[in-house]
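The structure appears below as structure tokens.
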Amino acid sequence: MLYKNNQTTLMKQALDFLLSNKDIALATVGHNGRPMIRAFQIMKVDGHTLYFATSPHKAIWQELQANPAIELLALKGNISVRVGGDALFDVTDALQEEIYDTNPVLQRLYADYHELTYFRMEIDHLDYYDLSPMPPILRHYDKADGQYVDLDTFRK
59 MLYKNNQTTL MKQALDFLLS NKDIALATVG HNGRPMIRAF QIMKVDGHTL
109 YFATSPHKAI WQELQANPAI ELLALKGNIS VRVGGDALFD VTDALQEEIY
159 DTNPVLQRLY ADYHELTYFR MEIDHLDYYD LSPMPPILRH YDKADGQYVD
209 LDTFRK
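So for the sequence shown, our numbering puts the first residue at 59; every next one is plus one.
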């Protein structure tokens with residue numbers, strides 16, 4: 059089933075979940091071509107764009123340079139949000155400084171925002187799962203068509 063009238067509400071629900079659950083599992087493609095999953099944190103959410111920061115000396119940075127495909131998973135209770143897209147490396151200096159200044163974790167680990175490297179991901183696809191109701195809510199968003207599609211075969 060396609061949700062035409064409440065697309066904005068459904069995306070907002072997923073983005074609000076990501077805003078309140080910034081600790082995530084982030085998957086990249088490792089140098090050996092195999093998936094690499096690590097604990098990570100969303101630093102900023104702006105519209106359909108998620109922002110991240112890391113050290114340029116970490117393996118993740120080299121992995122993203124070689125293959126920018128990423129996927130993340132946020133999970134709390136019976137709700138999970140999975141998001142995929144490509145890392146983009148065009149975060150402005152002003153936005154880098156803002157991200158650093160508003161994230162105490164970064165300030166605790168690094169003396170200056172220039173010690174970090176930043177990337178963003180525009181949401182290409184998103185899956186929202188809520189296993190609390192019966193039947194569960196399972197929806198998929200794809201940027202290509204801009205629509206949420208109900209994936210739950212129990213709903214008609």
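Backbone N, C-alpha and C fix where the C-beta goes; we use that ideal spot for every residue, glycine too.
* To do: Can you give me the Cβ contacts of H106 inside the same chain, cut-off strictly under 7 Å, excluding the 5 residues immediately before and after it?
  => Counted from its first residue, the sequence shown places residue 106 at position 48. Cβ neighbours of H106 beyond the five flanking positions: E180, I181.
* To do: Please state if the CB of V141 and the CB of L184 are separated by a distance shorter than 9 Å.
  => By 1-based counting over the sequence shown, the position of residue 184 is 126. By 1-based counting over the sequence shown, the position of residue 141 is 83. Cβ atoms of L184 and V141: closer than 9 Å.
* Please classify Y47: does DSSP put it in a helix, a strand, or coil? => Absent from the structure is residue 47, since the part of the chain shown begins at 59 and ends at 214.
* Could you tell me how far apart the beta carbons of L84 and F75 are, in whole angstroms, since I believe they sit closer than 8 Å? => Along the sequence shown, one-based indexing puts residue 84 at 26. Along the sequence shown, one-based indexing puts residue 75 at 17. Wrong, their Cβ atoms sit about 16 Å apart, outside the cutoff.
* Asked: Who are the Cβ neighbours of M69 in its own chain at under 6 Å, not counting the five residues just before and after it?
  -> Numbered from its first residue, the sequence shown carries residue 69 at position 11. No residues qualify anywhere along the chain.
* Any chance you could list the beta strand (DSSP E) runs of at least 3 consecutive residues sitting entirely within the segment 81-143, in chain order? => Every beta strand (DSSP E) stretch that sits fully inside the segment 81-143 and reaches 3 residues is listed by chain position as 81-87, 93-99, 102-104, 107-112, 127-134.
* Reducing DSSP to helix, strand and coil, say where G147 ends up. => If you number the sequence shown from 1, residue 147 lands on position 89. What sits at residue 147 in the sequence shown is Phe, not Gly. Three-state result, F147: coil.
* Around the Cβ of K102, are there at least 16 other Cβ atoms within 10 angstroms (buried) or fewer (exposed)? -> Against the sequence shown, residue 102 aligns to sequence position 44. Counting Cβ neighbours within 10 Å, K102 comes out buried, since at least 16 surround it.
* **Beta-carbon spacing of I13, L167 below 9 Å** => This structure does not reach residue 13, given that the chain is present from 59 up to 214, and the question cannot be answered.
* To do: Using alpha carbons as the reference points, say which of D203, E155, P191 lies closest to A111.
  => Translated into positions along the sequence shown, residue 111 becomes position 53. When only C-alpha atoms are compared, the closest one is E155.
* DSSP state of L77 mapped onto helix, strand, coil -> Your numbering for residue 77 matches position 19 in the sequence shown. Helix, per DSSP.
* Could you tell me the distance, in whole angstroms, from the CA atom of L146 to the CA atom of S138? => Within the sequence shown, numbered from 1, the residue matching residue 146 stands at position 88. Within the sequence shown, numbered from 1, the residue matching residue 138 stands at position 80. Rounded to the nearest whole angstrom, the CA to CA distance from L146 to S138 is 24 Å.
* To do: Rank D104, W119, Q71 by C-alpha distance to the C-alpha of R96 and give the top, closest one.
  => One-based indexing of the sequence shown puts residue 96 at position 38. The residue with the shortest Cα to Cα distance from R96 is W119.
* **Three-way DSSP call (helix, strand, coil) for Y168 in this model** => As a working mapping, residue 168 is identified with position 110 in the sequence shown. Three-state DSSP puts Y168 in coil, outside helix and strand.
* Asked: Of all the options G204, N136, A152, Y176, which has the alpha carbon lying nearest to the alpha carbon of L189?
  -> Taking the sequence shown and counting its residues from 1, the one referred to as residue 189 is at position 131. Nearest option by C-alpha distance: N136.
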